[in-house]
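Going by the working numbering, the first residue of the sequence shown is number 493, and it counts up by one from there.
Note sheet for the following structure.
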Amino acid sequence: MPDATLTFIGNATTIIRYGPFTLLTDPNFLRRGDRAYLGYGLRSERLRDPAITVEQLPAVDAVVLSHLHDDHWDPVAERHLDRGLPVLTTGAAARTLAGRGFRETVGLRTWEGQPLVKGDHRVTVTAMPGRHGPGPLRHALPPVMGSLLEFGPRAGDPELRMYISGDTLMYDELAEVARRYPEIDAGVVHLGGTRLLGLLTVTMDGRQGARWLRTSGCATVVPVHYDDYTVFKSPLSDFEGELHRRGMDARLRRVERGGTVPIVPRSRTRTRLPS
493 MPDATLTFIG
503 NATTIIRYGP
513 FTLLTDPNFL
523 RRGDRAYLGY
533 GLRSERLRDP
543 AITVEQLPAV
553 DAVVLSHLHD
563 DHWDPVAERH
573 LDRGLPVLTT
583 GAAARTLAGR
593 GFRETVGLRT
603 WEGQPLVKGD
613 HRVTVTAMPG
623 RHGPGPLRHA
633 LPPVMGSLLE
643 FGPRAGDPEL
653 RMYISGDTLM
663 YDELAEVARR
673 YPEIDAGVVH
683 LGGTRLLGLL
693 TVTMDGRQGA
703 RWLRTSGCAT
713 VVPVHYDDYT
723 VFKSPLSDFE
733 GELHRRGMDA
743 RLRRVERGGT
753 VPIVPRSRTR
763 TRLPS
């Protein structure tokens, strides 16, 4: 099996490599002091620079985008990314981006997959459920999706599964992910406890993130999306503390900005999953 790695750029932006594939997630290249637009006149200041500029990106094969908010797809990324680059995202985001000239957008319904083939290798991106706000308030926010990335040979079963949470809160439907995909090798969890207007929490805090990890059954987890913007109210230490309290410390794969971690099949990890 080819090596697989994740490089953390900042916020929810990562570069995922597997064999010939290079995937970019949630491209956000605003600089420190810039403000991300979150809708309804709300903006949030970026507190930390990304590890690289958009001009320093390697050649990428596709973008996996959880939803359209400036901290996941900003004007800098939009100006510089190739309009012919495949963007796999929600139906709503795909329609919007197609209207802006991105010709290869693919809108995915929940549980719908899109294969990408390159040489003898394949990655299938499948939309997972997500909910960006509590109760009826979720309808005031853009649709979001998580993503399951299944890597493997062009003809054959997947060799590696990675689950990216997207900007979601914990809710009952997420338990269906583990029922459909009981052997997930690695997770990437969006944290931060994002709070709009100081009142409305719209992404997982540390406690919800730990519940997400237990519910999904991911053998290991890389946390992202926790300290880049002023709307984030739950630091990474909240998540780390919850993992420790629940006996899941060994599943954490922390990576600093600009750092890279290997993504390996659970058969090659020595993590014991608590019952």
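Beta carbons are placed, not taken as given, at the ideal position from N, Cα and C, and that holds for glycine.
Treat the numbers as computed from the prediction; the structure is a model and nothing was measured.
For residue i, count neighbouring C-beta atoms within 10 Å of its own C-beta (all shown protein chains included) and say buried if the count is 16 or more, exposed if not.
i      : result
HIS717 : buried
SER759 : exposed
GLN548 : exposed
HIS561 : buried
TRP603 : exposed
ARG743 : buried
THR722 : exposed
GLY605 : exposed
PRO626 : exposed
ASP649 : exposed
ARG623 : buried
PRO512 : exposed
ARG571 : exposed
ARG614 : buried
With distance defined between alpha-carbon atoms, name the residue in the options nearest to residue i.
i      : options                           : result
ALA554 : LEU515, ALA584 and ARG592         : LEU515
GLY750 : PRO757, GLU668 and ARG540         : ARG540
ASP720 : ARG595, ILE656, LEU633 and PHE521 : PHE521
VAL609 : PRO621, ALA647 and THR581         : ALA647
GLY531 : ARG538, ALA504, ASP563 and GLY502 : ASP563
GLY502 : GLU748, GLY698 and VAL681         : GLU748
PRO578 : ARG571, LEU557 and ARG524         : LEU557
THR693 : THR660, HIS572 and ALA590         : THR660
ASP574 : ALA590, ALA585, ALA584 and THR582 : ALA590
SER729 : GLY701, ALA711 and THR712         : GLY701
MET654 : TYR529, THR616 and LEU689         : THR616
Tell me whether the beta-carbon of residue i lies closer than 8 angstroms to the beta-carbon of residue j.
i      : j      : result
ALA569 : VAL552 : no
GLU565 : PRO607 : Before going further, note that residue 565 is Trp rather than Glu in the sequence given. Not closer than 8 angstroms, so no.
ASP677 : LEU652 : yes
PRO754 : ASP495 : yes
GLY644 : PRO621 : no
ARG535 : GLY525 : no
ASP697 : GLY679 : no
ALA667 : GLY709 : no
PRO715 : ARG746 : yes
Name the one or two DSSP bridge partners that residue i has.
i      : result
ARG527 : GLU537
GLU642 : THR616 and ARG653
PHE513 : TYR510
THR597 : VAL579
What's the gap between the Cα of residue i and the Cα of residue j?
i      : j      : result
MET662 : PHE724 : 17 angstroms
THR763 : LEU683 : Legend: pLDDT at THR763 = 45, less than 50; position of this residue unreliable, value from coordinates given subsequently. Cα to Cα, the separation comes out at about 22 angstroms.
ILE656 : MET493 : 21 angstroms
GLY593 : HIS736 : 46 angstroms
LEU580 : PRO635 : 14 angstroms
GLY658 : THR707 : 15 angstroms
SER767 : TYR510 : Per-residue confidence for SER767 stands at a pLDDT of 40, beneath the threshold of 50, marking its modelled position as unreliable; the derived number appears in the next sentence. Looking at the two C-alpha atoms, the distance is approximately 30 angstroms.
SER726 : GLY611 : 42 angstroms
GLU596 : ARG738 : 43 angstroms
ILE508 : LEU691 : 34 angstroms
VAL681 : THR752 : 16 angstroms
GLY599 : GLY733 : 37 angstroms
THR695 : THR588 : 23 angstroms
GLY583 : VAL713 : 27 angstroms
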